[in-house]
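Asker: End of the sequence shown sits at 193 in the numbering used here; the numbers just go up one at a time, nothing left out.
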Amino acid sequence: MWKKQLTVLTVGDPRLRLMAEPVVTLDRPLQTLIKNLIWTAEKTNGVGIAAPQVGVAKQLFIVASRPTLRYPHAPTMAPTPMINPHIVAHSDDRTADWEGCLSVPDQRGQVARWREIEVEYGDRHGQMKRQVFTDFVARIFQHELDHLQGTVFTDRVADPTTLLTEQAYFDQLDSMPAIVTDHSDSLA
Ligand SMILES: [Zn+2]
Numbered sequence: 006m007w008k009k010q011l012t013v014l015t016v017g018d019p020r021l022r023l024m025a026e027p028v029v030t031l032d033r034p035l036q037t038l039i040k041n042l043i044w045t046a047e048k049t050n051g052v053g054i055a056a057p058q059v060g061v062a063k064q065l066f067i068v069a070s071r072p073t074l075r076y077p078h079a080p081t082m083a084p085t086p087m088i089n090p091h092i093v094a095h096s097d098d099r100t101a102d103w104e105g106c107l108s109v110p111d112q113r114g115q116v117a118r119w120r121e122i123e124v125e126y127g128d129r130h131g132q133m134k135r136q137v138f139t140d141f142v143a144r145i146f147q148h149e150l151d152h153l154q155g156t157v158f159t160d161r162v163a164d165p166t167t168l169l170t171e172q173a174y175f176d177q178l179d180s181m182p183a184i185v186t187d188h189s190d191s192l193a
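1. Determine the burial state of Asp-160: buried for a count of at least 16 other Cβ atoms within 10 Å of its Cβ, exposed for fewer.
2. Is there at least one non-hydrogen atom of ligand 1 closer than 7 Å to the beta-carbon of Phe-66?
3. Tell me, which residues are paired with Ile-67 by DSSP?
4. Buried or exposed: where does Arg-135 fall if 16 or more other Cβ atoms within 10 Å of its Cβ makes it buried?
5. Ends of the alpha helix (DSSP H) at Lys-9?
6. Since Ile-92 sits in a beta bridge, which residues does DSSP pair it with?
7. Under the rule that 16 or more other beta-carbon atoms within 10 Å means buried, what is Arg-33, buried or exposed?
8. Among Glu-121, Thr-81 and Asp-128, whose alpha-carbon lies nearest the alpha-carbon of Arg-144?
9. Of all the alpha helix (DSSP H) runs that stay within the bounds of the stretch 144-172, which reach a length of 4 or more residues?
10. Going by Cα to Cα distance, which pick from His-148, Gln-132 and Glu-123 is closest to Phe-138?
11. Would Glu-125 pass as a contact of Phe-66 if the rule is Cβ separation under 8 Å?
12. I need the boundaries of the alpha helix (DSSP H) containing Gln-136, first residue and last residue.
13. Apply the 10 Å Cβ neighbour rule to Pro-86 and answer buried if 16 or more other Cβ atoms are within range, or exposed otherwise.
14. Checking 8 Å against the spacing of the C-beta atoms, do Val-157 and Asp-151 come in under that value?
15. Can the beta-carbon of Val-13 be found less than 8 Å from the beta-carbon of Val-59?
16. For Ala-55 versus Leu-153, is the C-beta spacing smaller than 8 Å?
And the structure:
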């Protein structure tokens with residue numbers, strides 16, 4: 006089967022603001038969508054992509070952490086489709102770190118996320134999975150989960166002065182302040 010690079014919607018498109026519906030059937034179109042999402046993430050140097058980003062309001066995303074031009078320090082894992090995903094439990098502490106998004110071109114900003122999460126999701130064969138993710142992979146999961154609820158990372162940037170263009174981000178990458186850990190439990 007051919008792999009197709011899908012068009013990623015950018016902010017301003019109302020489809021990015023919809024609540025995604027649960028996936029109920031693992032049919033052939035869904036398998037094709039999974040394959041094309043994985044391919045699209047690869048071609049765009051994304052470490053994750055959610056179905057609503059390509060205009061499909063379904064609870065499905067791909068987590069595909071690996072070092073890329075956009076995220077040179079990312080850990081490597083096989084691209085993993087996650088269907089009807091949710092967070093079961095999370096650590097008390099949150100970590101603020103840099104995020105960007107294929108749907109928010111040319112911007113980076115600091116977002117606080119749970120440092121460790123326990124999650125559940127269905128795999129592409131309908132098998133339920135329960136896993137613990139920490140740090141960068143936990144961050145990707147939370148970022149993609151937001152897309153299923155019509156939220157983008159800039160909605161969660163607590164300090165708008167942290168917003169940067171990608172060029173400014175890369176220029177500063179080596180001189181960035183250390184990651185800030187926030188032990189307050191007040192935001193979700
Ligand atoms: Zn995104």
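Each residue gets a CB set at the ideal place from its N, CA and C atoms; glycine is no exception. Keep in mind that this is a model prediction, so the values were computed, not measured.
Answerer: Walking through what the data contain:
1. exposed
2. no
3. Ile-54 and Pro-86
4. exposed
5. Taken as a continuous stretch (DSSP letters only), Lys-9 belongs to no alpha helix (DSSP H), as it is neither H nor E.
6. Val-124
7. exposed
8. Glu-121
9. none
10. Glu-123
11. no
12. Premise fails: Gln-136 lies in the beta strand (DSSP E), 133-139, not in any alpha helix (DSSP H).
13. buried
14. yes
15. yes
16. yes
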